[in-house]
Amino acid sequence: MDLWFEEQRKIYGDVFTIFIPTPFVVISGTKTLKEALVTNADDFIGRKLAFPDTLFHEELNVGVIFSDGASWRDQRRLSLRILRDIGLNTEEKIMLSVEELFEHADSLQNKDNVDISKLLHLCIGNVINSIVFGFRYKHDDAEDFHEFQRYVDKVMKQGQEWQFRMLAMFPELEKISIFKRLLFRPFSKNNRILKEMNLIKVKQLEKTFDPDAEPTNFTHALLKEIRNPDSRNSYMSDAHIHGMIFDFYFAGQETSTSVSRWIILFLTKYMDIQHKLQKEIDENVGRDNRLKMSDKPHLPYLNAFIYESLRVGNIVPFIPAHVCTRDVVIAGQLIPKGACTQPNFGGTTQDEEIFGDPKVFRPERFLLEDGVSLRMDLVDQMDPFGQGKRICAGKSLAMQELFLITGSLVQRYEFTHDHAPIDLTRVFAGVIPPPAYTCKMVRRV
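Our numbering puts the first residue of the sequence shown at 156, with every later residue one more than the last.
And the structure:
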């Protein structure tokens with residue numbers, strides 16, 4: 156779909172309207188996207204409170220991703236402040252997860268046919284769990300986590316179903332009982348189970364909540380703020396609490412894991428790139444030294460590889476639609492107040508004017524001729540986390556995860572794929588993971 160939008164852009168320009176049948180104004184092109192979402196940020200901060208966004212919470216306008224207006228501002232501001240105040244120490248949390256993954260991977264009896272996605276899900280899931288809930292799962296005792304993930308996978312695949320697409324095109328059908336029963340309920344069931352599983356964790360933390368203690372996790376910090384009668388956020392309900400927790404957990408877990416799964420697949424397909432990464436890490440960090448964020452300036456090829464993986468993986472080509480809060484002119488086109496707009500970030504990753512040969516996987520494109528400096532002009536063209544006031548709040552955490560987890564895995568293991576030709580087919584979904592695969596993990600000596 157994002158590539159189809161790019162084809163239409165060549166005909167109609169950076170701003171055009173599609174009717175599916177609800178009209179959506181598609182905005183493409185790096186300069187035009189920045190004009191809309193950065194220069195005119197306040198004009199594009201609205202959200203449409205309709206299907207499929209309404210699937211994710213028990214009430215409208217709760218959480219950070221799908222809320223609107225003053226409610227969105229308050230919840231986003233509160234979430235960001237809490238994440239800052241509780242002192243995340245994210246590097247240590249990430250590396251603890253990496254070391255747990257190492258321990259489990261080294262103990263596997265069959266290293267020739269490893270389901271790396273399962274290891275990555277729990278590695279990244281434990282980072283999110285420790286921040287949001289203050290606890291971690293063990294790799295050999297994580298059935299609750301994997302059950303949750305199975306329902307996440309079901310929700311992610313919903314976008315491929317014809318019923319889902321029908322409701323997305325005609326959201327008013329949700330209000331008609333027969334269509335709600337036939338079309339909406341199958342999707343709401345999976346989402347409801349996810350929310351209930353998440354709610355169990357919240358209820359457990361409510362039992363240990365002490366309003367006089369200094370909170371050490373996101374959930375306790377939320378409870379302390381919202382249940383304080385003197386707080387400006389005391390008007391928020393349990394639904395707001397559950398919404399913010401669900402958004403942070405769901406978005407942070409699924410996106411980083413999907414990118415990491417693409418990364419391992421790229422490593423197995425492009426062995427020369429994998430060996431070049433290992434050489435860079437061996438020379439600048441060492442094979443046995445623990446990777447740190449302070450190593451980042453000394454590993455330009457690893458940084459370039461991560462950006463190229465984000466570009467080619469392109470896991471979220473379409474962020475939730477923005478709604479115009481007032482009439483605004485973008486690229487010479489009037490977009491009226493109330494219009495639903497769809498930023499086409501995915502199309503930017505395949506723009507030949509920017510990347511020259513966008514269908515080729517080539518990390519070197521992000522490096523200057525000296526091979527040690529990033530091409531910031533190209534990095535600035537990358538918008539995997541969105542732009543403007545709706546930019547992903549977890550961007551910094553996600554980039555830390557990708558650097559530390561990718562670098563540590565490449566440093567310790569060689570990844571190969573001895574089966575059929577490697578499949579890089581992208582199947583459209585809310586978050587686009589790679590096709591299912593297994594790989595061989597060999598400890599480097």
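Ideal Cβ placement from N, Cα and C applies to all residues, glycine included.
Since this is a predicted model, take the numbers as computed values, not measurements.
Inter-residue CB distance, I271 and E556 (contact presumed, cutoff 8 Å)
The C-beta separation of I271 from E556 comes to about 15 Å, leaving the pair out of contact by the 8 Å criterion.
- Task: Drop a sphere of 10 angstroms on the beta-carbon of R202, count the other beta-carbons inside from all chains shown, and report buried for 16 or more, exposed for fewer.
- Result: Note on R202: 16 or more other CB atoms within 10 angstroms of its CB, so buried under the neighbour-count rule.
* To do: Within the same chain, show all residues whose beta-carbon is closer than 7 Å to that of S389, passing over the 5 residues directly before and after it, in chain order.
  => The answer, listed in chain order, is I381 and N383.
- request: Decide if the stretch 543 to 552 is in contact with the stretch 432 to 441; the criterion is three or more beta carbon pairs, one per stretch, under 8 Å apart.
  value: Contact between the stretch 543 to 552 and the stretch 432 to 441 is absent, because fewer than three Cβ pairs lie under 8 Å.
Practice prompt. Could you please give the first and the last residue of the uninterrupted alpha helix (DSSP H) stretch that includes Q433?
Written response: M426 to N439 is the extent of the alpha helix (DSSP H) around Q433.
- Task: Taking Y568 as part of the beta strand (DSSP E), name the residues at either end of that continuous run.
- Result: Residues Y568 to T571.
Checklist entry - Hey, how far is the Cα of G493 from the Cα of V478? => result CA-to-CA, the gap between G493 and V478 works out to about 6 Å.
message = Am I right that N346 and V310 are in contact with their C-beta atoms under 8 Å? What's the rounded C-beta distance?
response = Going by Cβ atoms, the distance from N346 to V310 rounds to 6 Å, so yes, they are a contact pair.
_Quick check on the DSSP output: the beta strand (DSSP E) that includes K595 runs from which residue to which?_
Membership of K595 in the beta strand (DSSP E) is indicated by the continuous run K595 to R598.
Pick from F174, M537 and M426 that is closest to L465, judged by C-alpha positions = Minimum Cα distance to L465 is reached at M537.
Item to check | Cβ-based neighbour list, W417, same chain, cut-off 8 Å, excluding 5 preceding and 5 following | outcome: Answer for W417: S464, V467, G468, I470, P588 and P589, listed in chain order.
- request: Evaluate V600 with the Cβ neighbour count: other Cβ atoms within 10 Å of its Cβ, from every protein chain shown; 16 or more gives buried, anything less gives exposed.
  value: Counting C-beta atoms within 10 angstroms of its own C-beta, V600 has fewer than 16 neighbours from the protein chains shown and is therefore classed as exposed.
Is there a Cβ of chain D sitting closer than 8 Å to that of D482, yes or no?
You won't find chain D in this structure, because it holds only one protein chain.
M448: which of L158, T245 and V170 sits nearest, CA to CA? Its Cα nearest to that of M448, the residue T245 stands out among L158, T245 and V170.
inquiry  = Let me check understanding here. Comparing Cα to Cα, which of Y462, C495, N499 and I331 lies closest to F174?
reply    = Answer by Cα proximity: C495.
What did DSSP end up calling Q408 once you bin it into helix, strand or coil? Residue state, collapsed to three classes: helix.
>> Considering just the uninterrupted stretch of the alpha helix (DSSP H) at L238, what are its terminal residues?
In response: Going by DSSP, L238 is part of the alpha helix (DSSP H) stretching over G224 to D240.
Q.
Check this for me: beta carbons of K451 and F558, under 8 Å apart or not?
A. Yes, the Cβ-Cβ distance between K451 and F558 is below 8 Å.
Would you say A485 and E190 are within 8 Å of each other, going by their C-beta atoms? Sequence check: residue 485 is Ile here, not Ala. With contacts defined as CB atoms closer than 8 Å, I485 and E190 qualify as a contacting pair.
Margin query: Rounded to the nearest angstrom, what separates N284 and D532 at their Cα positions?
Written below: The straight-line gap separating the alpha-carbon atoms of N284 and D532 is approximately 35 Å.
Using the beta-carbon count (16 or more within 10 Å), is P472 buried or exposed?
Buried: at least 16 other Cβ atoms inside 10 Å.
Following the continuous alpha helix (DSSP H) through Q304, name the residue where it begins and the one where it ends.
-> In this chain, the alpha helix (DSSP H) harbouring Q304 covers E298 to K312.
Worksheet item: How should M399 be labelled, buried or exposed, when 16 other C-beta atoms within 10 angstroms of its C-beta is the threshold for buried?
Response: M399 comes out buried.
*Can you grab the Cα-Cα spacing for the pair F561 / N195, in whole Å?*
Note that residue 561 is Thr in the sequence shown, not Phe. Rounded to the nearest whole angstrom, the C-alpha separation of T561 and N195 is 36 Å.
Residue closest to S528, alpha-carbon to alpha-carbon, out of S413, F405 and L457: When only C-alpha atoms are compared, the closest one is L457.
### Task
Name, in chain order, the residues that DSSP records as bridge partners for P178.
Answer is F174, bridged to P178.
The beta strand (DSSP E) enclosing P498, as first and last residue numbers:
C495 to P498 is the extent of the beta strand (DSSP E) around P498.
query: Considering only the beta carbon of each residue, do P576 and L192 sit closer than 8 Å?
result: Inclusion of P576 and L192 in the CB contact set at 8 Å is not warranted, their separation being larger than that value.
* May I have the straight-line CA-CA distance separating G441 from E254, to the nearest angstrom? => Straight through space, the alpha carbons of E254 and G441 are spaced by roughly 17 Å.
Notebook entry, point to check: Are the Cβ atoms of L328 and T412 separated by less than 8 Å?
Noted result: By the CB criterion at 8 Å, L328 and T412 fall outside the cutoff.
_So, for L277: in the same chain, excluding its five sequence neighbours on each side, which residues have a beta-carbon less than 7 Å away from its beta-carbon?_
So the list reads Y292, H294, A297 and F300, once near-sequence residues are dropped.
* Look at T185 and I509 and say whether their C-beta atoms are less than 8 Å apart. => Against a cut-off of 8 Å, the Cβ pair of I509 and T185 comes out as a contact.
query = Leaving out the 5 sequence neighbours to the left and right, which residues in its chain are closer than 6 Å to A476 when beta-carbon positions are compared?
reply = Correct list, in chain order: K203, C495 and Q497.
Review point. Would you call D197 buried or exposed, if buried means 16 or more other Cβ atoms sit within 10 Å of its Cβ?
Key: Exposed, since its Cβ has fewer than 16 Cβ neighbours within 10 Å.
> Relative to the C-alpha of L349, which residue among K424, Y404 and K165 is closest?
Replying inline: For L349, the nearest C-alpha among the options comes from Y404.
Task: Close Cβ partners of F521 (< 7 Å) along its chain, the five nearest in sequence each way excluded - done: Within the same chain, F521 has close Cβ partners A459, Y462, E463, L529, R530, L533 and V534.
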